[in-house]
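J.: Start counting at 1 in the sequence shown, then tack on 3, and there's your number in this note's numbering.
C-beta: ideal position from N, C-alpha, C; glycine also.
The model shown is predicted, which means the values in this text are computed figures rather than measured ones.
Here it is, the structure in full.
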Amino acid sequence: MPSRGILLLLLVVGLVEQRHCRLICHYTTWSQGRANPYSYRIEDIPGELCTHVVYNFVGVDSEEYELALLQREIDVVQNGFGRFIDLKQRFPDLKMYVAVGGWDHGGATFSRMAAFRNRRKKFVDSVVKFMARYGFDGIELVWLYPGSVERGGTNNDKDNFVYLVDDLKTAFLKARQPWEVTIQVPADHTRFEVGYDQALLCESADYVHIAGYDLRGSWTGFADVHSPLKDRPHDQGIYKGLNVQDGVESWLKSGCAPNRVVLGVPFLGRTYVLRSSQQNGLGSPTSGPGPKGQHTYSEGYLGYFEICQKLKERNWRMLWDSIGQCPYAYRGNQWIGYENEQSLKEKVDFVTRKGLAGVYAFSLDLDDYRGIIVIVAVVLLGVVCDCVAKPKRLICYFTNWSHARPKEYSYQIEDIPGELCTHVAYAFVGVDEATSTVVSLKPEYDDDQAGFERFRELKSTFPHLKLIVSVGGWTHGGAPFSKMAATRETRLQFITSAVTFMERHDLDGLEIVWLWPGASERAGKREDKDNFYHLVSELKNAFQRVGRDWEVSIQVPVDRARITVGYQQEWLCGAADFVHLAGYDLRGPWTGRADVHSILRRRPHDTDYFLTFTIQSGVASWLSKGCRPEQIVLGLPMYARTYELKNSTNTKPGAESSGPGEMGPITKDPGVLGYFELCEMLKDGNWTFSWDKMAEGPYVHRDGQWIGYENEDSLAVKTIYVDTKGLGGIYAYTLDLDDYRDMGPLTVKVVLLLMHLLLLAPQTTHCAEKESRLVCYFTNWSPERAGEYAFNVNDIPVDLCTHVTYSFAGVDEHTFELKPTNRKYDILQQGYENFGNLKIANPELKLMLAVGGWAHGAQPFQRMAATLTGREIFITSVIDFLKRYAFDGVEIVWLWPGSPDRGGTPSDKDNFYLLISELKSAFRDAGHEDWDVAVQVPLERDRLNHGYHQSQLCRVADYLYVTGYDLRGSWNGFTDVHSPLNSRLFDMGALRDLNVKAGVGNWIKKGCPASKIVLGVALFGRTYTLVNSETHGLTAPVSGPGIPGPHTAEGGYWAYFEICQEMKQSAWSVDWDEQGQCPFAYRGNQWVGYENDISLAEKANYARFQKLGGVYAFSLDLDDYRGKCGARYPLLTALRNAYKPKKLCPDDDENVFAIDREPCELA
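Put into structure tokens, the structure is as follows:
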């Protein structure tokens, strides 16, 4: 059985998901003012076709420099903003943006606002308030155009635009909101120099929207299509390069990641009056704009719906610009350049080829929206389906010396987890210095133990796997490469032997690991720089000549000094298929300072030589020299660098060290520890853990020993970076250094869960599994809250839930029958009946009854379950109830069987199992096997031991609802988040494994299928009163629970709606538990640990990745259900959007529209 390393699996999790492209639809407020039937209203927006919709436009107040309304009558009086955001009720996946600016708005107000920091702050603050008030997801800045004098611009606009974008992004981060900042930019190269610092804008903005239209118009004096894809022969002067392809390339070459670039396409045409009707081709002279459209009413401009009606008239001749890839038409002296289905397909293909993030369409009201939506539905919808990033690669390295380790630490080819990797590299073979040919460096393994042959056989087990051989490496040295590459003859000898080697061993690629050309300390010469390029170029050419598609990859450094002496970057980017960038060993004991060695971003102590010695700088260097993002594969380490500190009290990164740390018992290399050795070392818990925020890496220290390494969080951050930059993937160095024997804190149960994810990766969908559920809880005491905070059955957002559970009914302690716990509401106010009636309007909704709960206590369950008679009475009453009120199942919430603190007895454990087993059997006997029996279960090991036959319960129950919250509280005596996702270093004793991942893993280890487990998340926080308000981090001492919430009125407990309102009204400090993945906040002596949209998304992603049966949210009345802090149900919406239960995802055929309507046919 192949070994599965923890770190490798964590990389897999970050890489296997497909990235879906954006289809951004623009809505214009003025379009509703047209005469019927061409009035276009918010309710006409086809939200099912778009991923995002943009509201056009709001503006900048010319005096106050705050966000200003441009159409107050529509925006506010007619509730435009509210109706726009309400689209989310119909289309929960839809993201809603607001656009600021536009052509009519002008640039002068932007210019004045952005000129001073205090004005920018006023604007940014007003944006934050606006976003929070209305519930938008992002903002688009449409400043047309910074720096352009004719638009009121100044010379300072170029810098100020960057400052404005930075300020907005910073404010959104401080507000802890995932709002996006996008910018609309031109494809027009004449505007770049005066107004756009392209490199900095690419870095600052989340997305760059390139306007691929209005590149020509009646103002040019000649007829032309206005969105040409490429240059044509008649494009001269300023019009040369003024096209979609060159515009996009300019932004990409300036550092924009392709998957952060969105191409704008028009649903409008540009019209002209020809000087001579006999001169009607592209570039023909014109006398002015064409006449106004009947509905758009603007000269030189027609909506597509007007064009297609016009072209139905007689005598229009339609032609095609074969280079610009656009249609045009003329009749008499009238000329139109526009878009049609074919031209948009060409642009979609371009977007796909370039790996762009998607397309934005301007604007919906210009399409043929009263006929069939030809352009959107048929063409642009293809972007969402077809525009998927090129598959990421995860390259795993096998080393041919690791087999020689003792006993279970021997790593063999058969241990390679081929199901986790896209490629495996065999490291290393070398260059024979005498013959300049490929040579084995470990013949005793490669040949005598059939290493090469066994490596080739991996393809029999893993047909998808690509196999690479790596030539060189550190021990090999640079001299053999330098000598071989020095002449064309010796290079040919190497290449010939490489071709033979590749054919003999059935390989797919070859990697050159020359460390480092031109470096004198590695026997390099000045000529190496050119010779390395010649070697790579000739090798690739030779592979092509023999008709093989073998890849040539090169391992390269981030170090600018080494790059300067040894690498012709531009040439190498053109010659090699892939560039493997070593993102590790960037620091080490040789520097004389303790530091993490895989550094994402520069820190303040990185100076001089180390100033640019980071992953971010290295990637930027290779991109700036012409490497395509998808060509670069980032290398990350499966090992740590260790140090001996000079002063054990100075433990920060950059502290002086006296040399390497202690040697690993297996790797036996000073200054190096395999991750598997580090896992074992950290088990004793006496290490101090810290995190380098800029480098994005962990480190630990103890008694003068200092270790910098990678863990799941650092790899997750770097994986996100790879995706954000649109890079080609990650290579993991090396398999034998990961925790491949499962020695570490993440045990094999977690590995198997992640394995399940990987094996299904080719079928991974955007939604969760077919039977997945999102269960929402209604509590029968929440209707009794005062005033508007009363929560009733009709408040339940059924469109966000697959199941809704009524909480709670109880067990009559004397008769053992089911009984209401709030008779006034349940019976007299028809709570049960009204709840059951939800299915009338929502027949797909499943309704459950929860029995028990904390306040109910355990004793009624205990007495009822103690005898067969008692259980039968209870079960009969449950069946009667489900039939009467048309519920779909029952959840048993016995808290907690067998627990002494709840009055439990040892017999509870057996009786609980019997109750569940008999309940399910009775449902079958009653002809209702489809009724669910769910059981709410804890994570605490002690409670499980006392009251739960885990494997047996998993077999008889339909679902296990695992409580992933209330894992900490004021009863512990210290502050903490109450639903940590992972274990933290300070979690000791019984708390060590009391976290979501360990708890879920335990149930699975006991035999529960993941598909039966539903993870519970909380819509409330746990509060504390601090002993000392100056000590306010995690594990700070507390004197007791926090003050009661104004509406929940319970000490130590606040609903999310109380938390968010309190934070709006008062200055709370908000922080984040990096390991637990939860927020916490404090003010004075009050402290709260809670969930927000980000932490819930983390848990939802975890549930989806592990293929769990679902998630449940406790409870609806604790979310911000009245929208006091923004949109209604922010937490439930975040959970639904991240988890995407299958029943709430559209079927494939739901994207087919209007097939029975007549299209607007062209004559």
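(1) What alpha helix (DSSP H) runs, 4 residues minimum, are completely inside the region 869-946?
(2) Could you check the C-alpha separation between E417 and A993 for me, to the nearest Å?
(3) At which residues does the beta strand (DSSP E) containing S556 begin and terminate?
(4) Let me confirm a value: P560 is counted as buried when at least 16 other C-beta atoms fall within 10 Å, else exposed. Which label applies?
(5) Roughly how many angstroms lie between the CA atoms of G335 and N283, to the nearest whole one?
(6) Which ranges does the alpha helix (DSSP H) cover as unbroken runs of at least 4 residues, wholly within the region 63-142, from first to last along the chain?
(7) With a threshold of 16 other CB atoms inside 10 Å of the CB of V938, please say whether the residue is buried or exposed.
(8) Looking only at its own chain, which residues have a Cβ that is under 6 Å from the Cβ of E787, when we skip the five neighbours before and after it?
(9) If we require 4 or more residues per run, which alpha helix (DSSP H) segments fall completely within the region 677-729?
(10) In or out: I830 buried (at least 16 other Cβ within 10 Å) or exposed?
(11) Terminal residues of the continuous alpha helix (DSSP H) containing H1035?
(12) Where does M991 land, buried or exposed, given buried means 16+ other C-beta within 10 angstroms?
(13) What separation, rounded to the nearest whole angstrom, lies between the Cα atoms of L444 and W404?
(14) Following the continuous beta strand (DSSP E) through S443, name the residue where it begins and the one where it ends.
(15) Note the first and the last residue of the continuous beta strand (DSSP E) segment covering P1167.
(16) Under the DSSP definition of a beta bridge, which residues are partnered with P330?
(17) Return the residue from the list G1087, A1052 and Q1080 that minimises the CA-CA distance to S1069.
(18) With a 10 Å radius around its C-beta and 16 neighbouring C-beta atoms as the bar for buried, classify S151 as buried or exposed.
(19) Are the Cβ atoms of L841 and V807 separated by less than 8 Å?
(20) Kindly indicate which three-state DSSP category F455 falls into: helix, strand or coil?
(21) Could you name the residues of the same chain whose beta carbon sits closer than 8 Å to that of L1099, not counting the 5 residues immediately before and after it, in chain order?
(22) The ligand FAD heavy atoms versus the CB of P189: any closer than 7 Å?
(23) In terms of alpha-carbon separation, which member of G860, V56 and A929 lies closest to I895?
(24) Could you check where the alpha helix (DSSP H) with I618 kicks off and where it finishes?
(25) Assuming contact is defined by CB atoms lying nearer than 8 Å, are V980 and G1079 in contact in what I supplied?
(26) Here's the rule: buried if 16 or more other CB atoms are within 10 angstroms of the residue's CB, otherwise exposed. What is D935?
(27) When you compare the region 232-240 with the region 197-213, are there three or more beta-carbon pairs, one atom per stretch, that lie closer than 8 Å?
(28) Would you grab the beta carbon distance between L73 and H108 for me? Rounded to a whole angstrom, and I think it's under 8 Å.
(29) Let's see if you can read the secondary structure: which residues bound the beta strand (DSSP E) around W222?
(30) Are the CB atoms of F535 and A488 nearer to each other than 8 Å?
(31) Return the bridge partner residues of A812 from the DSSP annotation.
(32) Could you tell me if W593 is buried or exposed, where buried requires 16 or more neighbouring beta carbons within 10 angstroms of its beta carbon?
(33) Under the assumption that D1120 contacts T782 (Cβ atoms under 8 Å), give the Cβ distance between them as a whole number of angstroms.
(34) Give me the DSSP bridge partner(s) of W1169.
(35) How big is the Cα-Cα spacing for A118 and A1084?
(36) With DSSP as the reference, label A360 as helix, strand or coil.
T.: According to the data block:
(1) With a minimum length of 4 residues, the continuous alpha helix (DSSP H) runs that stay inside the region 869-946 are 871-888 and 911-928.
(2) One C-alpha to the other measures close to 38 Å.
(3) For S556, the enclosing beta strand (DSSP E) has its first and last residue at E554 to V559.
(4) P560 comes out buried.
(5) When rounded, the distance between both Cα atoms is 9 Å.
(6) Counting only runs of 4+ residues, the alpha helix (DSSP H) found wholly inside the region 63-142 occupies 83-88, 90-93, 111-117 and 120-137, in chain order.
(7) Counting the other CB atoms within 10 Å of its CB gives V938 a total of 16 or more, which places it among the buried residues.
(8) Around E787: no qualifying Cβ.
(9) Entirely contained in the region 677-729, the alpha helix (DSSP H) runs reaching 4 residues are, in chain order, 678-685 and 715-727.
(10) By the 10 Å Cβ count, I830 comes out exposed.
(11) Looking at the DSSP string, H1035 is not in any alpha helix (DSSP H), and its letter there is neither H nor E.
(12) The residue in question, M991, is exposed, as its Cβ has fewer than 16 Cβ neighbours within 10 Å.
(13) A straight-line Cα-Cα distance of about 10 Å links L444 and W404.
(14) Where S443 is concerned, the enclosing beta strand (DSSP E) stretches over V441 to S443.
(15) Lying before the first or after the last residue shown, residue 1167 is absent from the chain, which here runs from 4 to 1166.
(16) The partner list for P330 (beta bridge, DSSP) reads W323.
(17) Measuring C-alpha to C-alpha distances from S1069 to each of G1087, A1052 and Q1080 identifies G1087 as the nearest.
(18) Classification for S151: buried.
(19) Pairing L841 with V807 gives a Cβ-Cβ distance under 8 Å.
(20) Note: F455 maps to helix in three-state DSSP.
(21) Shown here for L1099: same chain residues with a beta carbon closer than 8 Å to its own, the five before and five after excluded, namely V1020, L1134, A1137, L1138 and A1141 in chain order.
(22) As for the ligand FAD, it is missing from this structure, which has no ligand bound.
(23) Minimum Cα distance to I895 is reached at G860.
(24) Element bounds for I618: I618 to S627.
(25) Cβ distance < 8 Å, so V980 and G1079 count as in contact.
(26) Buried, because 16 or more other Cβ atoms sit within 10 Å of the Cβ of D935.
(27) No, because fewer than three Cβ pairs between the region 232-240 and the region 197-213 fall closer than 8 Å, the two stretches do not touch.
(28) Indeed, because the Cβ distance is near 7 Å, the residues count as touching under 8 Å.
(29) For W222, there is no enclosing beta strand (DSSP E), as DSSP marks it with neither H nor E.
(30) With respect to A488, F535 sits close: the two C-beta atoms are nearer than 8 Å.
(31) A812 is bridged to P823 and V854.
(32) Exposed: under 16 other Cβ atoms inside 10 Å.
(33) Their Cβ separation, rounded to whole angstroms, is 6 Å, which keeps D1120 and T782 in contact under 8 Å.
(34) Nothing can be reported for residue 1169: it is not among the residues displayed for the chain, which extend from 4 to 1166.
(35) When rounded, the distance between both Cα atoms is 35 Å.
(36) If DSSP states are grouped into helix, strand and coil, A360 belongs with coil.
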